[in-house]
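Notes follow once the structure below has been shown.
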Amino acid sequence: MLSYILKRLLLIIPTLFGIMLINFAIVQFAPGGPVEQMIAKLEHYDTDATSRFSGASRETMSTEGAYQGARGVDPALVKEIKKMYGFDKPATTRFWMMLKNYLTFNFGTSYFQDKKVIDLIIERLPVSISLGLWTTLLAYLICIPLGIKKAIKDGSKFDIYTSSIVIIGYAVPNFLFAVFCIVLFAGGSFWAIFPLSGIVSDHWDQLSFFGKITDYLWHMVLPVLAMAISGFATLTMLTKNSFLDEIHKQYVMTAYAKGNTQKRVLYRHVFRNAMLIVIAGFPAAFISILVTGNLLIEVVFSLNGLGLLGYEAVINRDYPVLFGTLFIFTLFGLVLNLIGDLMYVLIDPRINFDRLEA
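One rule links them: number in this note's numbering = place in the sequence shown (from 1) + 91.
Structure representation (structure tokens):
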């Protein structure tokens, strides 16, 4: 097992390198970079105008050596802007310098927020982790009992009705459900039960310890519910099918033949085998929600998380923030995938990765 863990940890290095290289190469051809945006501000043009005359590549140069969008700006000033953003160096040099700094988690300074990227990530990370963790826990707490119940009552009216409900929830986009929750429960048109935005109240620092916990949880209700609703169908049906597959196996029939009750058979014999895939997939489910499900919810509920930070970085071409958040998301994903594999072994000792590799 130790050799398998070491191999997986070593594989993180080339995987991170490949992802960063591909994204860095793509960015080089994206028009409207930070240099063009600064030039556009100096010329009193908007970003759309900059992208129109910047050409097919961000590195396209005029005969005078300046950016094509900089024909009305002093070339010396353009060189200063390029030097300020680090674009006076070749792309390969910038890429290797970036990787060298990333080894020590030095992501540089944001172009437009005048803050270190690592400070921005640390500031936004608790919001994204809160959303991802609570959403995953809520989905598991509801879907596992529901999936077991559906497996026991397979084909019944309860099974049909609940399947219809979770499929409808899966079909509704989470941001649309978020808007519905705001209209219904956050003072939109009906009741003002839950707060409209933010993760805590403005007077949070003045609350007692238990008051802070209550305030935080109260703010998380609608965002977490909006994110979890679309994931109910997949996890519920996975749990149901896992139980159905185990229920019809010979050892279950033998347990019933020995006079065991249904509850004892299900939770003493079937549960551990049926839950192998579901429970071991918790890290993967968490990183999936953290990476793909946060952005629109953070926008709707005005939550300053990593998803919104990354989106703003893409819009503003804030490359240090963009690559910093990409690096963190990728590293989280790779580490949690490894943890997911290790959970298989902890739940089912029959799995041995060293033997499988041999």
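Each residue gets a CB set at the ideal place from its N, CA and C atoms; glycine is no exception.
*Flag this pair as yes or no: are the beta carbons of TRP225 and VAL315 separated by less than 8 angstroms?*
yes
*asked:* Under 8 angstroms: do the stretch 406-419 and the stretch 350-358 share three or more Cβ pairs, one atom per stretch?
replied: no
_Whole alpha helix (DSSP H) elements within the stretch 401-441, 4-residue minimum_ = 410-438
*What does DSSP give as the partner residues of THR200 in its beta bridges?*
LYS207
*Looking only at DSSP bridge pairs, what is ALA116 linked to?*
DSSP output for ALA116 lists no bridge partner at all.
*Any 3 or more C-beta pairs closer than 8 angstroms across the stretch 391-407 and the stretch 365-380*: no
*Looking only at its own chain, which residues have a Cβ that is under 7 angstroms from the Cβ of MET129, when we skip the five neighbours before and after it?*
ILE172
*How big is the Cα-Cα spacing for THR141 and GLY124?*
Interpretation of THR141 is limited by its pLDDT of 41, a score under 50 that renders its predicted location unreliable; no figure is taken from the coordinates.
*Could you check the C-alpha separation between ILE406 and VAL126 for me, to the nearest Å?*
14 angstroms
*Rounded separation between ASP432 and THR416 - CA only*: 24 angstroms
*Inter-residue spacing [alpha-carbon to alpha-carbon] between SER299 and ILE284*: 21 angstroms
*8 angstroms Cβ cutoff met for ILE388 and ASN265*: yes
*Whose C-beta lies closer than 6 angstroms to the C-beta of ARG99 among residues of the same chain, with five residues either side of it excluded?*
LEU429
*I think ILE258 touches ALA324, with their Cβ atoms under 8 angstroms apart; what is that distance to the nearest whole Å?*
5 angstroms
*DSSP state of ALA452 mapped onto helix, strand, coil*: Examination of residue 452 is not possible in this model, given that the chain is present from 92 through 449 alone.
*Going by beta carbon distance, what residues of the same chain come within less than 6 angstroms of ILE320, once the five residues before and after it are set aside?*
GLY260, PHE268
*MET311 burial status per 10 Å Cβ neighbour count (16 or more: buried)*: buried
*Spatial neighbours of LEU422 within its chain, please: CB distance less than 7 angstroms, with the 5 preceding and 5 following residues excluded, ordered by chain position.*
LEU107
*Backbone CA spacing between TYR193 and LEU287 [nearest angstrom]*: 37 angstroms
*Identified DSSP bridge partners for ALA283*: ALA277
*For VAL263, which three-state DSSP category applies?*
coil
_Inter-residue spacing [alpha-carbon to alpha-carbon] between MET111 and VAL263_ = 33 angstroms
*For the putative contact between GLY238 and LYS331, defined by C-beta atoms under 8 angstroms, what is the C-beta separation to the nearest angstrom?*
4 angstroms
*Name the residue from PRO236, THR253, CYS234, ILE104 whose alpha carbon lies nearest to the alpha carbon of LEU190.*
ILE104
*Roughly how many whole angstroms lie between the Cα atoms of MET175 and SER94?*
46 angstroms
*Ends of the alpha helix (DSSP H) at LYS173?*
166-176
*Can the beta-carbon of ILE365 be found closer than 8 angstroms to that of SER333?*
For the sequence presented, residue 365 should be read as Ala rather than Ile. Yes, these two residues count as a Cβ contact at 8 angstroms.
*asked:* With a threshold of 7 angstroms on Cβ separation, who are the neighbours of GLU155 within its own chain once the five nearest residues in sequence on each side are excluded?
replied: Interpretation of GLU155 is limited by its pLDDT of 40, a score under 50 that renders its predicted location unreliable; no figure is taken from the coordinates.
*First and last residue of the alpha helix (DSSP H) that includes SER333?*
323-338
*Less than 7 angstroms between the CB of TYR342 and some heavy atom of the ligand SAH, yes or no?*
The ligand SAH is not among the ligands present in this structure, which contains no ligands whatsoever.
*For the candidate residues LEU400, VAL426, HIS339, ILE438, whose alpha-carbon lies nearest to that of LEU216?*
LEU400
*Beta-carbon contacts of TYR136 that lie in its chain and below 7 angstroms, excluding the five residues immediately before and after*: Unreliable positioning characterises TYR136 in this predicted model, as indicated by a pLDDT of 45, which lies under 50. A coordinate reading is not provided.
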